[in-house]
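The block underneath contains the structure these notes are about, expressed in C-alpha cells.
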Amino acid sequence: MSVDLQDLILEYDGSVKRVWRPEGDDGSYWFEFTDDYSVFDWGKMPDTIANKGKALVALGAFFFQHLADNKTWINLSESVHLSIFNQEWLNKRVNQPLFQRLTTHGARHHFQGLVGSDGKAVAIEQIANTQAYMSVVKAEVQRPEPTALLDQTVFYYSHEITDARRLVPLEVVFRFGMPAGSSLKSRLAADPGYAQTLGLSSVPEEGWFERPVLEFYTKLEPKDRLLSIQEALTISGLTPKRFEELSELAFATALAIYHHFAERGIELWDGKFEFLEDHKGLLLADSIGPDELRLVFNGHSLSKEMIRQFYRDSSWQLAIAKAQKMAASQNRLDWQAICTKDLKEQPSPLSPQFKAVADKLYGVLANHTIGYDVFPQHPTLPQFVDSINIAAERKV
15 MSVDLQDLIL EYDGSVKRVW RPEGDDGSYW FEFTDDYSVF DWGKMPDTIA NKGKALVALG
75 AFFFQHLADN KTWINLSESV HLSIFNQEWL NKRVNQPLFQ RLTTHGARHH FQGLVGSDGK
135 AVAIEQIANT QAYMSVVKAE VQRPEPTALL DQTVFYYSHE ITDARRLVPL EVVFRFGMPA
195 GSSLKSRLAA DPGYAQTLGL SSVPEEGWFE RPVLEFYTKL EPKDRLLSIQ EALTISGLTP
255 KRFEELSELA FATALAIYHH FAERGIELWD GKFEFLEDHK GLLLADSIGP DELRLVFNGH
315 SLSKEMIRQF YRDSSWQLAI AKAQKMAASQ NRLDWQAICT KDLKEQPSPL SPQFKAVADK
375 LYGVLANHTI GYDVFPQHPT LPQFVDSINI AAERKV
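Here it is as C-alpha cells:
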C-alpha cells in the first residue's frame, strides 16, 4: 500500500509514541517511536535520546519475529539458563497446552511489518538511515470512564466491545527477582504476606526468585494501579480460562526473552507485556524493548532504568511522591500539575556528560540484542558500560 505522509491520521500522541492510521486502511495502525522519553510516569522529559525511536522499532520488530518462530520455543524448553529456577514449576509451564502450541505455531502478535513513510516494506537493517514505522493490526481501545462515587474518583469499565479485536486493559508485569531499586521491595516490607500471594514460599531477599512472578496493573488509568487477581480478572473482561491463558503466555514469553538476553550475557530482571484479544485468542501487543524491560550487564543498568537512576532521589523525584499523595487526598488526578505549580518542582535536563553516554544506549543495546550492527559507529556493549560510571559521577 503506497501512503503519503499527508494521508496519515494521528490517532494518539503520547509522551514517547505516536499512533497513526493510514487513510483508507481501516485494519492497521502505524506506531512511531520518538526520541523522547518518560520516567516515573511524568510524561515527556526535557531532553531527547539519540536513535531511541529507531532502536525501539528495530527491537520491537526483532522480538515479535523471534517469538513468532516456533524454534524459539523448542529451544527454550532445553535452555540451560533456566536452571536457576524451580524445576517443578518450569516443568509445569512447559507441559501446559499453551506452551505446546507455541512449540508448533509460535506466538501470535499484532505486528504486521516495518514500513517507511511511503508505506513500502523496510528491513531492520535499513532502520538507521530511514524513518520506519511498526505496522500493527487495529484493535479497539475502550477507555474506562472516571466517575465520582462516594467522594472518590473510580473508573468504570463497561466492556461493551464493538470490534472483533480489542486491547486487554492491563499491564502484565513479570519479575524474575528483586534488584536494587525494585518497587516490590517496599511492598513486601509493608506486607510480608504478599510474597505468598505472588506464589513465593518466603519473603525473598534482593536477588533472583525461586520462580518468576506476575503482577497486574491498570493500563488506561492516569496512574498505573496495582491490582489483585480478582480486580485484574474483572477489569480484563476475560473469562477465567482466557485469563489463565494470558498468565501462561506472559510466563512463557518472559522466559523466552530471559533466555535470549542470557545468551548474550545480559540479565533480565523484570518487564511488562500488553495483550490483545480476538476470536482466536490472545496476541502479544504494544512493543518489546528496553523501555519495557529492566536489563543489567556486568552490574550496570541498561534500558530506561539507567536514566531513572540519574533522577532517583533528586528533589523532583521526591516531590513526585508527595504530589501523588496530595492528589489522592484531594481526589485529583493531575498530580503532575501539583508537583509543578504547588511544589515548584520539575525535571532538570540531563547533564551534558550523562546525555553523551545516554545517546549511545539504545543503539548499542539494539546491536547487541539483534546480533549485528543496525546502528554503525557505536561502541560494543562492554565498551559502552565502561563509560557509564564516569558519566554517573558527573551527573550533577
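Residue numbers (the numbering used here): 15 to 410.
We treat Cβ as the ideally placed atom computed from N, Cα and C, and that holds for glycine.
Since the model is a prediction, treat every value here as computed from it, not as a measurement.
For the beta strand (DSSP E) holding residue i, just list the boundary residues, first then last.
i, result
"Thr211", "Looking at the DSSP string, Thr211 is not in any beta strand (DSSP E); the run it does join, the alpha helix (DSSP H), is Tyr208 to Leu212."
"Tyr26", "Leu22 to Asp27"
"Tyr43", "Ser42 to Phe47"
"Thr62", "Segment: none, Thr62 is in no beta strand (DSSP E) and carries neither H nor E."
"Arg115", "Unbroken run through Arg115 is the alpha helix (DSSP H), Pro111 to His119; no beta strand (DSSP E)."
"Val33", "Lys31 to Pro36"
"Gln126", "Phe125 to Gly130"
"Arg225", "Gly221 to Thr232"
With residue i and residue j assumed to form a contact (beta carbons below 8 Å), what rounded beta-carbon distance in angstroms separates them?
i, j, result
"Val371", "Ala380", "Actually they do not touch by this definition, with Cβ atoms about 16 Å apart."
"Gly133", "Pro193", "Incorrect: roughly 42 Å between the Cβ atoms, too far for contact."
"Arg157", "Leu234", "5 Å"
"His314", "Val227", "Contact doesn't hold; Cβ gap of about 25 Å is too wide."
"His124", "Leu297", "5 Å"
"Ala270", "Trp34", "Not really, about 29 Å apart at Cβ, beyond 8 Å."
Given residue i, which residues of its chain have a CB within under 8 Å of its CB, disregarding the five upstream and five downstream residues?
i, result
"Glu154", "Ile175, Thr176, Asp177, Arg179, Arg180 and Leu181"
"Leu112", "Glu259, Glu262, Leu263 and Ala266"
"Asp83", "Gly120"
"Leu70", "Phe47, Ser301, Gly303, Pro304, Asp305 and Tyr376"
"Leu1", "Outside the displayed range of the chain (15 to 410) lies residue 1, so it cannot be described from this structure."
"Gln338", "Lys237 and Trp349"
"Lys5", "As displayed, the chain neither begins before 15 nor continues past 410, which places residue 5 out of reach and without an answer."
"Thr354", "Gln360"
"Asp40", "Lys152"
Suppose the cutoff is 6 Å on Cβ atoms and the five residues either side in sequence are ignored; what does the same chain contact list for residue i look like?
i, result
"Glu281", "Val310"
"Thr248", "none"
"Val108", "Ser91"
"His273", "Leu90, Ser93 and His95"
"Ser149", "Ser42, Trp44, Gln126, Gly127 and Val129"
"Trp56", "none"
"Glu46", "Arg32 and Tyr147"
"Glu159", "Tyr170"
"Pro304", "Ser317 and Leu379"
"Met340", "Ile352"
"Phe308", "The sequence as given places Arg at residue 308; Phe does not occur at that position. Trp283, Asp284 and Glu319."
"Gln331", "Tyr325"
What span of residues does the alpha helix (DSSP H) with residue i cover, start to end?
i, result
"Ala264", "Pro254 to Glu277"
"Glu102", "Gln101 to Val108"
"Trp87", "Asn84 to Leu90"
"Ile249", "Ile243 to Ser250"
"Arg122", "Looking at the DSSP string, Arg122 is not in any alpha helix (DSSP H), and its letter there is neither H nor E."
"Ala204", "Ser197 to Ala204"
Using a Cβ-Cβ cutoff of less than 7 Å, which residues in the same chain neighbour residue i once the five nearest sequence positions on both sides are dropped?
i, result
"Ser329", "Glu359"
"His392", "Lys374, Gly377, Val378 and Asn381"
"Lys409", "Its pLDDT being 46, under 50, Lys409 is placed unreliably in this model, and the coordinates cannot settle the point."
"Asp292", "Ala178 and Arg179"
"Asp61", "Pro363, Leu364 and Lys369"
"His173", "Gly251"
"Lys336", "Leu357"
Hey, is the region 191-208 in contact with the region 68-85, meaning 3+ C-beta pairs nearer than 8 Å? no
Enumerated in chain order, which unbroken segments of the beta strand (DSSP E) with a length of 3 residues or greater are wholly contained in the region 152-193? 159-163, 166-170 and 184-192
Kindly confirm or deny that the region 43-56 and the region 24-34 touch, where touching means at least three C-beta pairs closer than 8 Å. yes
Give, in chain order, every unbroken run of the alpha helix (DSSP H) that is at least 4 residues long and sits entirely within the region 369-407. 395-400 and 402-407
Count the C-beta pairs between the region 57-76 and the region 166-173 that are closer than 8 Å, then say yes if the count reaches three, no if not. no
Mind listing, in chain order, the continuous alpha helix (DSSP H) runs of no fewer than 4 residues lying wholly within the region 284-338? 317-325
Do three or more CB pairs link the region 213-224 to the region 237-257 at distances below 8 Å? no
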